[in-house]
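Below you'll find the structure, written out as structure tokens, and then a few comments.
In this note's numbering, the protein residues as written are 314 to 466.
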């Protein structure tokens, strides 16, 4: 697959064109990724008690299911959302990744991943004591995404 970027300063709006021999799963995944990234919100309404907060997505470390509730963790606080994890997966931008049946993380905040061959591996975040566990089933996807992220820098 070839990738080409053309810069045209006369364009009024950015446009992405995908040319392919046939529509297949990888092409559809690319299209979905681009659409999701372009339409991703910058903030999310979350609750704590009776108060609604508008939290920037970039500040959220992870979402987790706990006692039939979905909690959104920032470095300093914990909020609640009414969305289910599968709804969050569709809603969130590409820098969020599911790492277990009960957890979605923001890969931009990952500080370390301690691999455990016989059980869940531990993910730690920048500037906080909070940590989550990545199941063996999701570990490879996390490792690949983190590698991609660091190659881009």
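We put the CB at the ideal spot given by N, CA and C, even for glycine. Note that the structure is predicted; figures quoted are calculated from it, not measured.
When the Cα atoms are used, what is the spatial distance from residue 460 to residue 453? Translated into positions along the chain shown, residue 460 becomes position 147. Translated into positions along the chain shown, residue 453 becomes position 140. The straight-line gap from Cα to Cα measures roughly 10 Å.
Report task. Report the residue from 366, 329 and 325 whose alpha carbon sits nearest the alpha carbon of residue 316. Result -> For the purposes of this step, residue 316 is identified with residue 3 of the chain shown, where counting begins at 1. The shortest C-alpha separation from residue 316 is found at 329.
| task | Give a yes or no on whether the C-beta atoms belonging to residue 370 and residue 418 are separated by under 9 Å. | result | Within the chain shown, the letter at position 57 stands for residue 370. Within the chain shown, the letter at position 105 stands for residue 418. No, they are not a contact pair.
Exercise. Buried or exposed: where does residue 365 fall if 16 or more other Cβ atoms within 10 Å of its Cβ makes it buried?
Worked result: In the chain shown, counting from the first residue as 1, residue 365 sits at position 52. Answer is exposed; the Cβ neighbour count stays below 16.
* May I ask you to list the residues that DSSP assigns as paired with residue 356? => On the chain shown, position 43 is the one that residue 356 refers to. Note: residue 356 sits in a beta bridge opposite 369.
Q.
Between residue 441 and residue 374, how many whole angstroms is the CB-CB distance? I'm expecting something under 8 Å.
A. Here residue 441 refers to the residue found at position 128 when the chain shown is read from its first residue. Here residue 374 refers to the residue found at position 61 when the chain shown is read from its first residue. Rounded, the Cβ-Cβ distance is 7 Å, consistent with contact.
Fill in: Cβ-Cβ separation, residue 447 to residue 413 (assumed contact under 8 Å), whole Å
In the chain shown, counting from the first residue as 1, residue 413 sits at position 100. In the chain shown, counting from the first residue as 1, residue 447 sits at position 134. With a Cβ gap of about 6 Å, residue 413 and residue 447 count as contacting.
(request) Please classify residue 411: does DSSP put it in a helix, a strand, or coil? (result) Within the chain shown, residue 411 is the residue found at index 98, counting from 1. Residue 411: strand per DSSP, three-state reduction.
- Cut-off 7 Å between Cβ atoms - residues of its own chain near residue 420, not counting five sequence neighbours on either side: Position 107 of the chain shown holds residue 420. So the qualifying residues of the chain are 408, 410, 458, 459 and 462.
Closest by CA to residue 345, which one among 363, 357, 377 and 331? Your numbering for residue 345 matches position 32 in the chain shown. Checked all of 363, 357, 377 and 331; the closest Cα to residue 345 is 331.
Would you check if the distance between the CB atom of residue 379 and the CB atom of residue 433 is smaller than 9 Å? Walking along the chain shown from the start, residue 379 turns up at place 66. Walking along the chain shown from the start, residue 433 turns up at place 120. Taking 9 Å as the Cβ cut-off, residue 379 and residue 433 do not qualify as a contacting pair.
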